[in-house]
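The structure appears right after this line, and notes come after that.
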Amino acid sequence: MADTKSKSKQKSDTTSKVTVSGVTFKCRLCEKQKPISEIKVVRRFRPVLFVCQDCEKSL
Ligand SMILES: [Zn+2]
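Taking the numbering used here, the leading residue of the sequence shown gets 236, the next gets one more, and so forth.
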């Protein structure tokens, strides 16, 4: 009964609030739930912008 291990099963479901073993945040640009380890703080903006790694590159 150890099915809490996350498989590499990716559903494009952004509406559910299921977190995958950890804290997530919502990117302000793409509005996707991302693991907190991918958060980037953009200090160029006020208030500061919290975006994911991918969006930060394109800023
Ligand atoms: Zn993003």
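C-beta: ideal position from N, C-alpha, C; glycine also.
Being a predicted model, the structure only gives us computed values, none of them experimental.
>> Nearer than 7 Å: is that true of the beta carbon of K292 relative to any heavy atom of ligand 3?
In response: Ligand 3 is not part of the structure shown, which contains ligand 1 as its ligands.
>> Out of L294, K275, C265 and R281, which one is the CA nearest neighbour of Q288?
In response: Along the sequence shown, one-based indexing puts residue 288 at 53. Residue K275 is the option with its Cα nearest to Q288.
>> Within 10 Å of its beta-carbon, does F280 have 16 or more other beta-carbons around it, so buried, or fewer, so exposed?
In response: Indexing the sequence shown from 1 puts residue 280 at position 45. Exposed, by the Cβ-count rule.
>> Within 10 Å of its beta-carbon, does C262 have 16 or more other beta-carbons around it, so buried, or fewer, so exposed?
In response: Counted from its first residue, the sequence shown places residue 262 at position 27. Counting Cβ neighbours within 10 Å, C262 comes out buried, since at least 16 surround it.
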